[in-house]
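Here's the structure we're looking at; comments come further down.
In the numbering used here, the protein residues as written are 1343 to 1647.
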């Protein structure tokens, strides 16, 4: 192989190398920075591009899609001197490739340290109860602070979430006892409220029963009084009729009163509990005569009407 052949092969290899260095294809979702003798000149978007070999070269290849950043756990002291273990996850997206490449060294490491520092700051300004119950507030405060700090780096923080907050074992045990006591207290209150409501309902039922019973007695008394009034009116009318008959000389009216008193006396004698044998010293004709007098008196009363 002579010198010309060697030169031709070297020339072809150089041309291929220069073509390879000149043509660059940027994938979708990425941006590349271009440097001219080590100085940033411009940014390549997704697609095919040509560079001037030797004079220009690719500097940094950056992923422009939203990415996830895991923040490792760390012990944090709250305002009331309680120690909790906290870790987080952050979502970010590079908005300016040049700033992300040349404004900070090791972008992800810088963001991790920034997030851990701000977690200690935010949680350290709160009491333990506030930390455990206001996780959304912690996330919002972290997002605001970290996004503002990373803005000069060309990064947009889209979300920051606290993954886990773990208090020490003794505090966890104390919280468990407190929660149990609160639940027992609520159960006792509910039971007392139930007993109170039951007593109220029973009292209202008793009151209603007594009212209805009193109304029943009042109605019965009214009916009894009305019956006695009507009975008195009937007796008064009968007495008036008999008196008029006696005044007219009717002897049957006298027989009516005698028979009535006689029958009532017999009734009292017969109903006495200590009487087993009743002697009746009377003549049947007298009773029949009295009853006959009552019949005559009744007939005369109907004739008058």
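Glycine included, each C-beta is placed from N, C-alpha and C at the ideal position.
### Message
I want to see whether chain B comes within less than 8 Å of residue 1575, judged by CB atoms only; does it?
### Response
Of the protein chains in this structure there is only one, and it is not chain B.
### Query
What is the DSSP secondary structure of residue 1387, counted as helix, strand or coil?
coil
### Query
Would residue 1460 be called buried (16 or more neighbouring beta carbons within 10 Å of its own) or exposed?
buried
### Task
Excluding the 5 residues preceding and the 5 following residue 1496 in the sequence, name in chain order all residues of the same chain whose CB lies nearer than 8 Å to its CB.
1436, 1437, 1438, 1439, 1440, 1441, 1442, 1445
### Query
Residues in its own chain within less than 7 Å of residue 1361 by CB, not counting five upstream and five downstream?
none
### Task
Note down, in chain order, each residue of its chain lying with its Cβ closer than 6 Å to the Cβ of residue 1626, except the 5 sequence neighbours on either side.
Unreliable placement is indicated for residue 1626, whose pLDDT of 44 sits below 50; no coordinate value is reported for it.
### Query
Cβ atoms of residue 1456 and residue 1491: under 8 Å apart, would you say?
yes
### Query
What residues in its chain sit with their C-beta under 8 Å from that of residue 1371, if we drop five residues either side in the sequence?
1388, 1405, 1406, 1407
### Message
Please give me, in chain order, every unbroken run of the beta strand (DSSP E) with length at least 3 that falls completely inside the region 1434-1518.
### Response
1497-1508
### Continuous beta strand (DSSP E) stretch holding residue 1375: start and end
1372-1378
#### Entry: residue 1576 burial status per 10 Å Cβ neighbour count (16 or more: buried)
exposed
### Query
Alpha carbon to alpha carbon, what distance is there between residue 1500 and residue 1489?
8 Å
### Within 8 Å, strictly: CB atoms of residue 1368 and residue 1401
no
### Query
With C-beta atoms as the reference, is residue 1467 less than 8 Å away from residue 1421?
yes
#### Entry: Own chain, CB closer than 7 Å to residue 1485, minus 5 neighbours either side, in chain order
1499, 1501, 1502
#### Entry: 8 Å contact criterion, which residue 1356 and residue 1374 should meet: CB distance rounded
24 Å between Cβ atoms; not a contact.
### Query
Taking Cβ positions, are residue 1427 and residue 1419 nearer each other than 8 Å?
no
### Message
Can you list, in chain order, the residues of its chain with a C-beta nearer than 7 Å to that of residue 1412? Leave out the 5 residues immediately preceding and following it.
### Response
1431
### Task
Check residue 1548 in the structure and name its three-state DSSP category.
helix
### Message
With distance defined between alpha-carbon atoms, name the residue in 1572, 1556, 1434, 1423 nearest to residue 1493.
### Response
1434
### Query
Roughly how many angstroms separate the alpha carbons of residue 1393 and residue 1378, rounded to a whole number?
10 Å
### C-alpha distance - residue 1454 paired with residue 1530, whole-angstrom precision
49 Å
#### Entry: CB of residue 1365 within 8 Å of CB of residue 1390, strictly
yes
### Query
Where does residue 1451 land, buried or exposed, given buried means 16+ other C-beta within 10 angstroms?
exposed
### Task
May I have the straight-line CA-CA distance separating residue 1538 from residue 1532, to the nearest angstrom?
10 Å
### Task
Tell me, please, which residues DSSP counts as bridged to residue 1365.
1392
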